[in-house]
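Reading through the structure tokens given below for one structure.
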Amino acid sequence: MSEQQILLSFGGIGAAALACQWLAWRLKLPAILFLLLSGILAGPVLGWLQPQALFGPLLMPLVSLAVALILFEGSLTLHISQWREIGSVVHRLVTVGALSTWLVIAVATHWLLGFDWPLAILFGTLTLVTGPTVIVPMLRVVRPKATIANILRWEGIVIDPIGALLAVVVYSFIIARSDGDGLIQSLGTFAGVIFCGGALGAAGGWLLGQIMRAQWLPEYLHNLASLAAVLGIFIAANQIVHESGLLAVTVMGMWLANMPGVDVRQILHFKENLSVLLISGLFILLAARLDLHAMLGLGPAVLALLLVIQLLARPLNVFISTLGSTLNWRERALLAWIAPRGIVAAAVSAIFAIRLHEAGHEGALLLVPLTFAVIIGTVVLQSATARPLARLLKVAEPAPSGFLMVGANPPARAIAKALQQLGCRVLLTDSSWENIRAARMDNLPTYFGNPASQHADAHLDLVGLGHLLGLSPAGEINALACARFRHDFGHGRLFVLASGLEKQRSDKHRASEEHRGQPLGSSALTYNQLAKLLNQGAELYSTTLTEAFTWDAYRQLHGERATLMFARDNHGWVHVATPEHPLQPQPGWTLVALIEPENKAQAEGTA
Numbered sequence: 001m002s003e004q005q006i007l008l009s010f011g012g013i014g015a016a017a018l019a020c021q022w023l024a025w026r027l028k029l030p031a032i033l034f035l036l037l038s039g040i041l042a043g044p045v046l047g048w049l050q051p052q053a054l055f056g057p058l059l060m061p062l063v064s065l066a067v068a069l070i071l072f073e074g075s076l077t078l079h080i081s082q083w084r085e086i087g088s089v090v091h092r093l094v095t096v097g098a099l100s101t102w103l104v105i106a107v108a109t110h111w112l113l114g115f116d117w118p119l120a121i122l123f124g125t126l127t128l129v130t131g132p133t134v135i136v137p138m139l140r141v142v143r144p145k146a147t148i149a150n151i152l153r154w155e156g157i158v159i160d161p162i163g164a165l166l167a168v169v170v171y172s173f174i175i176a177r178s179d180g181d182g183l184i185q186s187l188g189t190f191a192g193v194i195f196c197g198g199a200l201g202a203a204g205g206w207l208l209g210q211i212m213r214a215q216w217l218p219e220y221l222h223n224l225a226s227l228a229a230v231l232g233i234f235i236a237a238n239q240i241v242h243e244s245g246l247l248a249v250t251v252m253g254m255w256l257a258n259m260p261g262v263d264v265r266q267i268l269h270f271k272e273n274l275s276v277l278l279i280s281g282l283f284i285l286l287a288a289r290l291d292l293h294a295m296l297g298l299g300p301a302v303l304a305l306l307l308v309i310q311l312l313a314r315p316l317n318v319f320i321s322t323l324g325s326t327l328n329w330r331e332r333a334l335l336a337w338i339a340p341r342g343i344v345a346a347a348v349s350a351i352f353a354i355r356l357h358e359a360g361h362e363g364a365l366l367l368v369p370l371t372f373a374v375i376i377g378t379v380v381l382q383s384a385t386a387r388p389l390a391r392l393l394k395v396a397e398p399a400p401s402g403f404l405m406v407g408a409n410p411p412a413r414a415i416a417k418a419l420q421q422l423g424c425r426v427l428l429t430d431s432s433w434e435n436i437r438a439a440r441m442d443n444l445p446t447y448f449g450n451p452a453s454q455h456a457d458a459h460l461d462l463v464g465l466g467h468l469l470g471l472s473p474a475g476e477i478n479a480l481a482c483a484r485f486r487h488d489f490g491h492g493r494l495f496v497l498a499s500g501l502e503k504q505r506s507d508k509h510r511a512s513e514e515h516r517g518q519p520l521g522s523s524a525l526t527y528n529q530l531a532k533l534l535n536q537g538a539e540l541y542s543t544t545l546t547e548a549f550t551w552d553a554y555r556q557l558h559g560e561r562a563t564l565m566f567a568r569d570n571h572g573w574v575h576v577a578t579p580e581h582p583l584q585p586q587p588g589w590t591l592v593a594l595i596e597p598e599n600k601a602q603a604e605g606t607a
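1 is the number of the first residue of the sequence shown in UniProt numbering; add one for each residue after it.
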């Protein structure tokens, strides 16, 4: 390929990845669906993208390294505290449950598609994995209860290296059969992968954690150090025992995430962003290598295999794994429905199919189109049905429209009551027991502690919360909370009451706008101003606009004495008023405004 063609290919991959991710965000569907379709369109359909010609012998090594980084990022979210709560179910899902799935898929592949037993067993190992690349995006859309989400997330991350390990063992057995010692060599491979991957992963996680905890590296180098460590451990493990690298990086991430005194949030955010890039590029490249004629040549037996995987293999796995658990039948039903296949299945199938074909195994190349058919089928079906099913079963979280409120002082409690009247969920946090006690006396949900603390990371319930209100009189606390939850809620959903002292400071003595959030209210209020107005008799009133009593009439009635705070539109969404983004309420909207005492009588008459 010419230099210009290479540059155009890279630019096209980037543009397609961005378009697919944006479309997935707009349509609330997993991005893998659009990434696969774009890769198939650019590769086998139009012939614009030729991954083998673009990367040559670097393609499969780059795929392996990218999968390692994706698994490491996923394992950074696995905390032992969550494992203690749901460990028994996850343990069975990835052991006896996975074995049942493996058995069912292998038998179905042998009888429905005519694969010989070794290839059918290998295909069973490739497709028993789910994976964080498809589970996490689907969970964002489905938003099941926290227990279900944690189980699926843990299963997706843990089963990936297990599935890859089993695939390595089966692959080793197939290759070694001709030498007459297949079973012995397979058992040796299994033990070697477990020992090497576990030992190197634990050592790498411990060493990196010690470096971070002792501050031997400046903070801005933590991301680079973790990236280098992951690649180093992955390559070293594979050099010692072939294909043990995936297990090593998974153990490394889990060790680091649970190491006391090590803050992995910055690394996690970096790896999340990197994973989006890697996943997007990988799916497009792997889909572009797909042989459509081979996939279509598999015939209707593929649909029968998909039905077996969806309606028999997964429900049987969940039934076995949840026996004796506290999960109710609704939660088990959703678990039995969600099990999309992802990037590890695609990548490993591509690698092993090529090696087996080169070793003379006929039919090995069919592993790739069959694996992609399963990936596309499970993702399409479950993406379209999982969210409605979760709602039908009543195991879905509410939409993240509530408010996390930093401060439980009198102004914060007044705002919380007004938001509750709009039907919003609120959660007040404060380190003052007096404020927390007063809030609980008003039947307001509370968290006693600093929302940016390590305890809050593990125990603060953010279900249904999508906004942050910084209502503490200390501007530094509000800024800290905004910095902590910016990744969770997004900068556009962070709002604060500025402290009087903070408004008087110059730019170099106060937090930047990015970290302190947007000012709350149609005219920016300080905490002292709001507290003073409430003490003087001002109140927060709710008013519903009509065709006769419009927004213009409301402003004419109240004038500058009314400060608009919130507005609920006709669809039930609550908007926060700010000076930079004034609201334009329509008839049917419900407004919450701070009405000063002079207009108190009029406000009561129109409320």
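Note that CB positions come from ideal geometry on N, CA and C, so glycine has one too.
Judged by their CB atoms, G131 and D160 are nearer to each other than the 8 Å cut-off. Straight across, the Cα-Cα distance linking L298 with I121 is about 18 Å.
The C-beta separation of A167 from T101 comes to about 14 Å, leaving the pair out of contact by the 8 Å criterion.
Under the DSSP assignment, S542 falls in the beta strand (DSSP E) whose first and last residues are 539-544. Collapsing the DSSP output to three states places R341 in coil. Going by C-alpha positions, R493 is about 6 Å away from L468.
Between the alpha carbons of H581 and L392 lies a distance of about 37 Å. A direct Cα-Cα distance of roughly 13 Å separates N223 from L256. DSSP places V406 in the uninterrupted beta strand (DSSP E) bounded by 402-406. Below 8 Å, too few C-beta pairs join the segment 321-339 and the segment 31-41 to call them touching: fewer than three. Sorting R332, L497, L119 by C-alpha distance to the C-alpha of G363 places L119 at the top. With contacts defined as CB atoms closer than 8 Å, I233 and A248 qualify as a contacting pair.
Listed in chain order, the non-local C-beta contacts of A146 below 7 Å within the same chain comprise V463, local neighbours out to five positions each way being set aside.
Under DSSP, P519 takes part in a beta bridge, and its partners are V496.
The shortest C-alpha to C-alpha distance from N328 to any of V89, H571, E560, V169 is the one to V89. Judged by pairs of C-beta atoms under 8 Å, the segment 59-73 touches the segment 340-347, as three or more such pairs exist.
Scanning L370, G204, A16, N435 for the CA closest to the CA of L306 turns up L370. Spanning the alpha carbons of V426 and K417 requires a straight line of approximately 9 Å. Note: A396 is bridge-paired with P144 in the DSSP secondary-structure output. Taking C-beta separations shorter than 7 Å and ignoring five residues to either side along the sequence, the partners of L316 in its chain run S100, V104, following chain order. DSSP links L564 through a beta bridge to A593. Residue environment: N443 is assigned as exposed (fewer than 16 neighbouring CB atoms within 10 Å of its CB, all protein chains considered). Between V374 and A353 the beta-carbon gap is near 14 Å, outside 8 Å, which marks them as no contact. No Cβ-Cβ contact shorter than 8 Å links L49 with A414. Close CB contacts of S226 within its chain, under the 7 Å cut and outside five residues either way in sequence, are with L208, I267 (chain order).
DSSP places T322 in the coil class of the three-state scheme, outside both helix and strand. Between T250 and G205, the CB-CB gap reaches or exceeds 8 Å.
Per DSSP, reduced to three states, the secondary structure at G466 is strand. Per the C-alpha coordinates, the member of D291, C424, S523, G572 positioned closest to L41 is D291. For L298, there is no enclosing alpha helix (DSSP H), as DSSP marks it with neither H nor E.
Residue pairing by DSSP places Y447 opposite T429 in a beta bridge. Here T526 is bridged, per DSSP, to A498. Here V63 has A347 as same chain residues with Cβ atoms under 6 Å from its own Cβ, once five neighbours each way along the sequence are excluded. DSSP places H110 within a helical segment (H, G or I) once states are collapsed to three. In terms of Cα proximity to L282, the closest of G342, N570, N435 is G342.
With a cutoff of 8 Å on beta-carbon distance, A19 and V308 are scored as not near each other.
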